[in-house]
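A short write-up of the structure that comes next.
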Amino acid sequence: MEISQIIPHIEALIFASDKALSAAEITELINNALGFIEDRADTEQVQAAIEGIKEKYDSEFYAFELKQSGGGWQFLTKPAYHKTVALINGDKFIKRLSTASLETLSIIAYKQPITKSEIESIRGVNCDYAVQKLLEKDLVVISGRNEDAVGKPLIYATSKSFMDYFGINSADELPKISEVFMEEMVRATQVNDDTNIEEDVHVHDVIGEAGELHITEGEVPTHIHVEAHEEEANNMETEIKQNKQNENEEEAS
Numbered sequence: 007m008e009i010s011q012i013i014p015h016i017e018a019l020i021f022a023s024d025k026a027l028s029a030a031e032i033t034e035l036i037n038n039a040l041g042f043i044e045d046r047a048d049t050e051q052v053q054a055a056i057e058g059i060k061e062k063y064d065s066e067f068y069a070f071e072l073k074q075s076g077g078g079w080q081f082l083t084k085p086a087y088h089k090t091v092a093l094i095n096g097d098k099f100i101k102r103l104s105t106a107s108l109e110t111l112s113i114i115a116y117k118q119p120i121t122k123s124e125i126e127s128i129r130g131v132n133c134d135y136a137v138q139k140l141l142e143k144d145l146v147v148i149s150g151r152n153e154d155a156v157g158k159p160l161i162y163a164t165s166k167s168f169m170d171y172f173g174i175n176s177a178d179e180l181p182k183i184s185e186v187f188m189e190e191m192v193r194a195t196q197v198n199d200d201t202n203i204e205e206d207v208h209v210h211d212v213i214g215e216a217g218e219l220h221i222t223e224g225e226v227p228t229h230i231h232v233e234a235h236e237e238e239a240n241n242m243e244t245e246i247k248q249n250k251q252n253e254n255e256e257e258a259s
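Heads up, the sequence shown is in our numbering, so the first residue is 7 and it goes up one at a time.
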């Protein structure tokens, strides 16, 4: 089967689907739709066609693009038009989460698969309500049971909807904790002939809204390097526990 034959059918399938479609799913659907044609499409042909479609819609002449997220392919509005589309959709697609739910979701995302007791051990408080809300919003799922633990407790993981919502294909694509801290802090090092002078500089102090580096005359470093703050990353769980302990003490008093 010629790739040119299946391209319009692939576009129609992805456009009409309410979920991301994988290359394998598209191949099966194409062969079912074009069953009257003796020559069958294979996954390699479909993948090649998808790449061609993606390149086509990457052009500035289109307001949407073909993106791989949530384990499949979808047509999504380009970021430049998000505000325009929001005029119609408003808050329709916003999933509002409390601080407790966000903390719980973060722990599940980075520690999955994980049991509820393990989540509570990290947060320091009961998380029944937060987990229930995340299940209701289809951001996490029950992925099984921990057969090695007493009572075989349920284990939780992020859902396909979570990946789709955040535009990733697997938990491996989540930003590393060290990368998050790197975005918040850069270490500017001014190298002189005789001595090295180092100064911690917050990103927001030196980078403007347009992404330009703002350093006044006399302060220009010879070079700037980024340093990951591993100690801060390692202390994240401890800080969460301490915050929750303080909250509980305040409520008790």
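In this text, a Cβ means the ideal position worked out from N, Cα and C, and glycines have one as well. Being a predicted model, the structure only gives us computed values, none of them experimental.
- Between the beta-carbon of I120 and that of C133 there is about 11 Å, and that puts the pair past the 8 Å contact cut.
- If one requires a minimum length of 3 residues, the beta strand (DSSP E) runs lying completely within the stretch 100-164 are 146-151, 160-164, in chain order.
- The C-beta distance from I148 to Y135 rounds to 16 Å, too long to fall under 8 Å, and the pair is not in contact.
- For G173, the closest C-alpha among the options Q138, A155, K84 is that of K84.
- Three or more pairs of CB atoms, one per stretch, sit closer than 8 Å, so the stretch 110-120 contacts the stretch 150-162.
- Put simply, the backbone Cα of R151 is about 9 Å away from that of G157.
- Around the Cβ of E179, a 10 Å sphere holds fewer than 16 other Cβ atoms; the residue is exposed.
- The three-state reading of DSSP puts S65 in coil, since its state is none of H, G, I, E or B.
- Distance from the CA of A106 to the CA of S28, rounded to the nearest whole angstrom, comes to 34 Å.
- Your pair G77 and K166 checks out as a contact, with CB atoms roughly 6 Å apart and the cut at 8 Å.
- For S167, the enclosing alpha helix (DSSP H) stretches over residues 166-172.
- About 5 Å separates the beta carbon of A47 from that of I36, a gap short enough to meet the 8 Å contact definition.
- Counting of Cβ neighbours within 10 angstroms places A18 among the exposed residues, the total staying below 16.
- When secondary structure is reduced to three states using DSSP, S28 falls in the coil class, being assigned neither helix nor strand.
- Secondary structure note for L19: its alpha helix (DSSP H) is the uninterrupted segment 9-22.
- When the Cα atoms are used, K73 and K139 turn out to be separated by approximately 28 Å.
- It is roughly 49 Å from the alpha-carbon of Q51 to the alpha-carbon of S127.
- For A39, the CB contacts under 7 Å within the same chain, skipping 5 residues up- and downstream, are H15 in chain order.
- Comparing alpha-carbon positions, the option among R129, A155, E153, F168 lying closest to V146 turns out to be F168.
- The straight-line gap separating the alpha-carbon atoms of K89 and Y171 is approximately 17 Å.
- Each residue's CA atom was taken as its position, placing V131 and D144 some 22 Å apart.
- DSSP places G78 inside the beta strand (DSSP E), whose first and last residues are 78-83.
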